[in-house]
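Right, one structure below, let's go through it.
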Ligand SMILES: Cc1cc2nc3c(=O)[nH]c(=O)nc-3n(C[C@H](O)[C@H](O)[C@H](O)COP(=O)(O)OP(=O)(O)OC[C@H]3O[C@@H](n4cnc5c(N)ncnc54)[C@H](O)[C@@H]3O)c2cc1C
Ligand code: SF4
Ligand code: SF4
């Protein structure tokens with residue numbers, strides 16, 4: 022079913038009515054900052070392009086699509102004077118552009134890869150499963166608790182995936198399963214506006230999970246968490262599974278007094294992933310988990326919590342504007358407190374993007390996931 | 007000169023990456039904050055340097071192409087709305103900030119955000135004195151061109167009072183510096199102050215030098231709730247008469263508080279509210295706050311809270327911070343007015359606002375920087391059509407009334423397109439209509455071809 026201009030108008034009319042064009046959302050936009058402050062690349066400009074499309078002032082065309090793509094970091098929403106949930110509007114416009122055949126070519130390739138190879142990176146499933154080689158043993162295929170690596174942890178951060186599996190196994194018993202041929206949850210399809218294909222891919226992923234016998238699903242990817250839990254619910258897909266981001270799971274254990282003692286003498290800083298912080302509202306949880314490590318000191322970055330600056334890695338923006346995405350990452354690295362050399366985060370996309378930029382710039386900074394740090398901070402078992 | 011020719015000549019002069027004329031850009035730049043009118047420009051130039059601006063103004067002057075300087079487009083009276091067939095110069099790529107600690111001066115390029123400049127100053131124990139509510143988005147150039155003010159206006163004044171010098175590009179491309187990084191200058195006519203508040207109608211400001219003031223080390227807050235506005239005004243007057251020198255004195259009427267409670271889920275007493283910040287050394291701060299609280303109680307406040315705890319201070323301020331967002335979220339269309347009156351006229355303004363509000367059947371709340379008599383009526387509308395039939399006449403009545411009270415039709419938002427008639431009304435009331443002619447003559451000196459932001463401020 023094609024998403025028509027009338028439907029787009031229905032879905033975004035509230036935004037168009039309530040936006041005062043005040044521009045309060047613009048200064049925080051990472052994409053605007055690396056686009057010479059040209060309005061169409063900022064939040065007010067994106068909203069107004071949506072207005073132009075539905076009111077007929079603008080003809081949808083590839084150049085417009087290219088400007089609509091941003092990192093979907095959600096910082097503009099925090100600043101919006103009219104409390105608008107702007108990322109919903111951007112996604113609705115992406116949906117319309119997708120159905121009008123105006124998906125940018127680079128993004129089309131991502132969809133093709135997911136639908137063909139079950140991951141957005143266009144690699145063979147066997148390569149996606151290679152992270153399992155990092156494990157001391159072959160994990161079970163069935164179990165009550167499932168570690169869902171997600172494509173980015175599995176393909177781009179295999180060590181993190183391996184650490185996550187081992188940590189979860191230590192904390193929740195031997196019954197931790199992994200799906201060797203884990204399908205993509207489909208989130209990038211949703212991000213590029215192909216809502217129908219997304220629903221199919223999501224259903225495929227949920228079926229694979231159910232087949233594993235899992236009741237609890239823990240993932241290192243906050244985007245997978247949004248997809249499998251929040252979006253599935255929004256779309257009315259009942260699955261009865263308990264889906265956790267690993268930080269949420271660890272936090273629950275901490276609150277129940279079931280998190281073991283960790284110890285590590287280190288000074289770190291924490292980068293809030295947009296998907297986990299602003300979109301899932303988990304800001305205090307990662308900090309409480311990290312603070313449970315004896316000897317660890319967290320020094321905050323400039324811009325943290327709900328006001329954290331984006332790393333450039335989200336929203337498929339990187340696929341479209343690689344150079345600018347890494348300039349955003351570079352800006353984020355400049356937010357690090359001086360004298361801190363360890364940057365901890367809780368999202369495989371942030372980890373990958375920031376680590377790549379650290380390498381590009383030859384910086385003396387180590388980028389880790391929370392689970393990597395916890396594995397380092399385990400006390401030798403007596 | 008046709009669009010294509012203008013664009014291609016600009017691209018030759020500046021390089022094609024600095025000139026944009028895609029339909030998406032032209033459409034998006036046609037809007038500015040709370041815009042009632044919009045107009046697409048011919049092209050947009052991204053200015054990275056004073057030289058870029060000079061090249062554009064030389065070209066535009068020769069060919070008589072209108073130019074509209076633009077910061078963030080947060081001006082609420084259409085000052086930065088493009089005019090027909092114009093070149094918009096977006097100054098935001100020019101954002102260098104240099105703090106000169108020994109001399110207590112900060113230098114900033116036109117595109118830097120006011121808040122960004124403040125944050126730079128604070129790294130060295132200073133702050134930028136002017137703090138418009140729009141500081142995170144408003145640029146230095148926009149703030150200078152509008153003579154912006156803020157909460158600390160009662161103490162430090164507006165941009166006019168903190169600016170030491172500016173660099174300006176004139177139509178024709180000449181670059182001049184007026185004033186400079188010195189605290190005193192007695193060298194003839196003060197042309198700098200003609201450019202501050204000129205709303206982009208004389209030239210393009212490319213940088214400025216400003217006074218920094220020490221960032222307060224210890225601040226406390228007193229919040230008082232009044233059943234009636236007369237008492238609130240008397241409270242503020244008593245505070246000043248007794249020689250307290252607050253950092254800020256903010257006012258909010260019960261209509262705004264009620265609405266904020268409802269829309270933002272807050273729980274503040276639904277009364278007229280006065281917020282006072284005092285900065286003093288720690289040893290005397292608490293006792294001074296108590297004295298302030300006593301004065302406000304004696305003036306008739308039914309409830310007074312005071313604190314030095316930063317979290318509690320922030321909590322008490324939430325409702326004031328949420329005033330604009332409340333109206334923006336509660337109404338599909340909302341607008342803000344601006345006027346400045348002698349403080350003793352505050353109760354009269356509130357009374358007038360209530361009358362006008364019921365006359366037109368629309369919601370109007372009142373907030374303001376009571377310390378300097380600057381008030382903003384906030385108008386909420388259900389449909390845009392009500393702007394012409396209700397909101398605009400209501401604001402004209404309220405702002406016009408400020409003239410009768412010895413005040414002015416704008417404390418800080420300026421004239422732009424939307425208040426030109428009110429400016430004339432104000433000058434007439436003062437029997438000073440000739441001022442308009444002086445303004446026109448001044449404009450002709452700097453901008454003989456009339457290319458700078460035509461149709462704004464004066465016709
Ligand atoms: C919610 C809200 C709250 C506000 N609160 C306040 C407040 O507390 N105090 C206050 O004073 N204002 C306030 N404003 C109004 C507005 O933010 C200010 O006028 C601000 O200074 C404009 O800055 P800007 O960068 O957005 O300028 P723009 O809107 O882009 O431009 C404003 C005018 O300045 C001219 N201009 C811009 N840059 C230059 C330049 N470099 N050289 C010459 N001319 C230039 C433009 O041509 C235009 O005439 C508020 C606005 C909003 C939406
Ligand atoms: S979601 Fe982030 S990147 Fe996208 S417009 Fe908002 S602030 Fe910019
Ligand atoms: S802050 Fe909100 S209301 Fe203001 S321009 Fe941005 S989207 Fe519109």
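Protein chains in written order, with the working numbering: chain Y, 22 to 403; chain E, 7 to 465.
Where a beta carbon is used, it is the ideal one built from N, C-alpha and C, also for glycine.
All values derive from a computational prediction rather than experimental measurement.
Residue 125 (chain Y) and residue 159 (chain E) have their C-alpha atoms some 49 Å from each other. Close to residue 26 (chain E), with beta-carbon spacing below 9 Å, are these residues of chain Y in chain order: 59 and 61. If one requires a minimum length of 3 residues, the beta strand (DSSP E) runs lying completely within the region 162 to 232 of chain E are 169 to 175, 181 to 185, 210 to 217 and 225 to 232, in chain order. Relative to ligand 1, residue 330 (chain E) has its C-beta within less than 7 Å of a heavy atom. When secondary structure is reduced to three states using DSSP, residue 263 (chain Y) falls in the strand class.
Under DSSP, residue 106 (chain Y) forms no beta bridge with any residue. When the Cα atoms are used, residue 245 (chain Y) and residue 258 (chain Y) turn out to be separated by approximately 15 Å. A check of alpha carbon separations from residue 61 (chain E) across E:136, E:141, E:176 and E:49 identifies E:176 as the nearest. Chain E has a Cβ within less than 8 Å of the Cβ of residue 85 (chain Y).
For residue 38 (chain E), the nearest CB of chain Y lies under 8 Å from its own CB, placing it at the interface with that chain.
If you compare the alpha carbons of E:165, E:55 and E:299 with that of residue 137 (chain E), the shortest gap goes to E:165.
Legend: CB atoms of the region 71 to 84 of chain E lying less than 7 Å from CB atoms of chain Y belong to residues 78, 79 and 80. Not one beta carbon of chain Y lies nearer than 8 Å to the beta carbon of residue 240 (chain E).
With contacts defined by Cβ atoms closer than 8 Å, residue 350 (chain E) and residue 243 (chain E) form a contacting pair.
The Cβ atoms of residue 320 (chain Y) and residue 354 (chain Y) do not sit closer than 8 Å to each other.
Close CB contacts of residue 204 (chain E) within its chain, under the 7 Å cut and outside five residues either way in sequence, are with 151 (chain order). If you ignore the 5 residues before and after residue 335 (chain E), its C-beta comes within less than 7 Å of the C-beta of 269, all in its own chain and listed in chain order. For residue 449 (chain E), the enclosing alpha helix (DSSP H) has its first and last residue at 440 to 452. Residue-level contact check: residue 31 (chain Y) does not touch chain E, since none of the beta carbons of chain E fall below 8 Å from its beta carbon.
Listed in chain order, the alpha helix (DSSP H) elements of length 4 or more contained wholly in the region 292 to 316 of chain Y are 305 to 312.
In this structure, the CA atom of residue 189 (chain E) is about 20 Å from the CA atom of residue 211 (chain E). Setting aside the 5 residues that flank it on each side, residue 170 (chain E) is surrounded in the same chain by 111, 185, 186, 187, 188, 189, 215, 216 and 217, each with a C-beta closer than 7 Å to its C-beta; the list follows chain order.
Within the region 261 to 341 of chain E, the beta strand (DSSP E) runs of at least 3 residues that lie entirely inside it are, in chain order, 278 to 285 and 307 to 313. Closest option to residue 191 (chain Y), judged by alpha-carbon separation, among Y:135, Y:358, Y:118 and Y:283: Y:283. Under the three-state reduction of DSSP output, residue 356 (chain Y) falls in the coil class, being neither helix nor strand.
The beta-carbon of residue 61 (chain E) is placed no less than 8 Å from the nearest beta-carbon of chain Y. Along the region 63 to 94 of chain Y, going in chain order, the ones with a CB nearer than 8 Å to a CB of chain E are 65, 66, 69, 70, 73, 78, 79, 80, 84, 85 and 88.
The C-alpha of residue 328 (chain Y) lies about 31 Å from the C-alpha of residue 186 (chain Y).
Counting the other CB atoms within 10 Å of its CB gives residue 394 (chain Y) a total of 16 or more, which places it among the buried residues. Shortest gap from the CB of residue 42 (chain Y) to any heavy atom of ligand 3: under 7 Å. In its chain, beyond the 5 residues on either side, 47, 62 and 63 have a beta carbon closer than 7 Å to the beta carbon of residue 53 (chain Y).
Cβ-Cβ distances below 7 Å link residue 425 (chain E) to 83, 415 and 416 in the same chain, with the five nearest sequence neighbours on each side left out; the list follows chain order. Put simply, of Y:116, Y:130 and Y:81 the residue whose alpha carbon is nearest the alpha carbon of residue 340 (chain Y) is Y:130. Of the heavy atoms belonging to ligand 3, at least one sits nearer than 7 Å to the Cβ of residue 45 (chain Y).
Counting along the chain, the unbroken beta strand (DSSP E) around residue 257 (chain E) starts and ends at 254 to 258.
Its chain contains 382, 416, 417, 418 and 419 as the residues whose beta carbon lies nearer than 7 Å to that of residue 344 (chain E), once the 5 sequence neighbours on both sides are disregarded; these appear in chain order.
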